[in-house]
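Notes follow the structure.
2 protein chains.
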Amino acid sequence: MTRILVVDDEPQILRALRINLAARHYEVAVAPDGASALRAAVDATPDLVILDLGLPDLDGVDVIHGLRGWTTVPIIVLSGRAGNQDKIEALDAGADDYVTKPFGIDELLARVRAVTRRTAIQEAELATIELGDHVIDLTSKTVSGDVRLTPTEWHILELLLRNPGKLISQRQVLTEVWGSRFVKETHYLRQYMAQLRRKLERDPAHPEHLITEPGMGYRFTP
Amino acid sequence: MTRILVVDDEPQILRALRINLAARHYEVAVAPDGASALRAAVDATPDLVILDLGLPDLDGVDVIHGLRGWTTVPIIVLSGRAGNQDKIEALDAGADDYVTKPFGIDELLARVRAVTRRTAIQEAELATIELGDHVIDLTSKTVSGDVRLTPTEWHILELLLRNPGKLISQRQVLTEVWGSRFVKETHYLRQYMAQLRRKLERDPAHPEHLITEPGMGYRFTP
DNA sequence: CGAATCTTGACGGGATCCGTACACAGGGGG
DNA sequence: CCCCCTGTGTACGGATCCCGTCAAGATTCG
């Protein structure tokens, strides 16, 4: 049984989510602010956290940091502001996905399924990963079918594949691969994403697994 | 029964791992620092070592070297820092896998299964190895067909052949064969790889088994 | 002493990376 | 409605790095 912790200060949203999630047979715990959210995460050990960024007591990013200090539980962030800066900060802090209010309940449920599926995959097997027609082995650095990748390509691909389904900000990739001085050089990244798609995707013009989230980053969808 | 030695200075982590591993029917030994870890590795002869890099007494990389001096026991490294430099140093020193804290216990268990499975396969197939037209016996250090190898050539070849299909970085070979002060002297390695290919490959100009992965290292392909 | 082995140095070809440039799509505002 | 602007995908050429190879001096060991 999947346990979900919902953190939001608006009673209506809290109620709507509890009802909808319970109807899908999720076990739901709720918290109205950041402090009680951190306590509830310890007590309830949820499998997923849905976190509103606009809390009365703590900054949402601080809550993410508080959780990431000791757990890798997936976090889906909700925010009323559509600004990109918030989203990127949340993702860099370690959030897994992001939904902007107002949102349809179906959209949220789809993200919930995506995230829970990703952790299930990770637990089951991380030796080899399938991507389109290819099988990728991260430990031995091999790709099926006579595909060869350069060091930089491996570096980027590994970051995405080790976080299946998770939205990775461009900033995250650039600091990881090139270093923090290169966060502005997004064209490096575009270059290599195109290269990876050419080598791995069935139809590079319409990628199925190495997905772009405009304004945000990239995502590997199994 | 698989014996696992867990080395970590944080009591909580030590306890969590012991309980979780014992529940999966692994036999668990623990050590709180580097010195006792090296002793415990002698006494308990573990089949796998889980090693935290942030130990109070010794640098984690030194512990890896201390173990690698006399055993090929698989090592999974834990680290609090996500920095790439640590990761590269640990893997070059001879670690088999790398997990960043905080980590899910299921992720670690998956890696444990992956590593034990890999080494089990490896040991079973280690008697004699075919490479092109030649048959190589690592225990008796002989090659079929009147081919003689020098000590240094054996050292390099053995490292590659004991990790079939796996990518071995140049740093790894250099530290293993010449010592860590020689990681810059890649031309040593080029020299000997050419030598090995001349002696073993059908067409040394187009090697089929001792493969170069540009920018990364070498790989033995069976 | 001599032969095998190990250590250096230098050089050319090729792959990779970097930087610039341009086409295209979508959204917002004039 | 059109234009601009942002964000993205794609192409191309030069600079740089990496690797294989030849050659030769130094060292070890029989």
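Protein chains in written order, with the working numbering: chain A, 1 to 222; chain B, 223 to 444.
Glycine is no exception: its CB is placed at the ideal position from the N, C-alpha and C atoms.
- According to DSSP, V365(B) shares a beta bridge with I358(B).
- Look at R246(B) here: in three-state DSSP terms it is coil, with no helix or strand label.
- In this structure, the alpha-carbon of L389(B) lies about 28 Å from that of E208(A).
- Rounded to the nearest angstrom, the gap between the Cα atoms of P278(B) and V285(B) is 12 Å.
- In the three-state reduction of the DSSP assignment, R18(A) falls in the helix class, which pools H, G and I.
- Under the three-state reduction of DSSP, E435(B) is assigned to strand.
- The beta-bridge partner set that DSSP reports for A251(B) consists of L227(B).
- Think of a sphere of 9 Å around the beta carbon of F325(B): the chain A residues whose beta carbon falls inside it are T72, in chain order.
- For H356(B), the CB contacts under 7 Å within the same chain, skipping 5 residues up- and downstream, are V365, S366, G367, V369, L422 in chain order.
- L51(A) is bridged by DSSP to V7(A), V77(A).
- Contact with chain B is absent for S180(A), since none of that chain's Cβ atoms lies less than 7 Å from the residue's Cβ.
- At a cut-off of 7 Å, the C-beta of P151(A) has a neighbouring C-beta in chain B.
- I351(B) is bridged by DSSP to I358(B).
- I75(A) and V112(A) have their C-alpha atoms spaced approximately 10 Å apart.
- C-alpha of G326(B) to C-alpha of G80(A): approximately 31 Å in a straight line.
- Out of D281(B), I241(B), M438(B), the CA that lies nearest to the CA of A257(B) is found in D281(B).
- Contact between D231(B) and D274(B) holds: CB atoms are separated by about 7 Å, below the 8 Å threshold.
- For S391(B), the enclosing beta strand (DSSP E) stretches over residues 389-391.
- In the three-state scheme derived from DSSP, where H, G and I count as helix and E and B as strand, F103(A) is classed as coil.
- The contact set of G387(B) on chain A, defined by CB atoms closer than 9 Å, consists of D137, S140, T142 in chain order.
- No residue range can be given for E185(A), since it is assigned to no alpha helix (DSSP H) and is classified by DSSP as neither H nor E.
- Nearest CB-CB separation between M415(B) and chain A: not below the 7 Å threshold.
- Residue state for D265(B) is assigned as helix, using DSSP reduced to three classes.
- The Cβ-Cβ distance between P324(B) and W70(A) falls below 7 Å.
- With a cutoff of 7 Å on beta-carbon distance, V77(A) and A93(A) are scored as not near each other.
- About 7 Å separates the beta carbons of P444(B) and G387(B), which is inside the 8 Å limit, making them a contact pair.
- Look at R219(A) here: in three-state DSSP terms it is strand.
- Under the 7 Å criterion on CB atoms, G437(B) is classed as interfacial with respect to chain A.
- Beyond the five residues adjoining it in sequence on each side, Q394(B) comes within less than 6 Å, by CB distance, of D314 in the same chain, given in chain order.
- D97(A) is bridged by DSSP to I76(A).
- For R370(B), the secondary structure class from DSSP, reduced to helix, strand or coil, is coil.
- Taking the CA atoms as reference points, A263(B) sits about 50 Å from P32(A).
- Close to chain B, meaning a Cβ-Cβ distance shorter than 9 Å, are the following residues of the region 52-78 of chain A: R68, G69, W70, T71, T72, V73.
- Residues of chain A with a Cβ closer than 8 Å to the Cβ of D230(B) do not exist, since the nearest Cβ in that chain sits about 15 Å away.
- The beta carbon of I4(A) lies closer than 8 Å to those of L21, Y26, E27, V28, A29, P46, D47, L48, V49, I50, V112 in the same chain, with the five residues before and after it left out.
- The DSSP-derived three-state label of H428(B) is coil.
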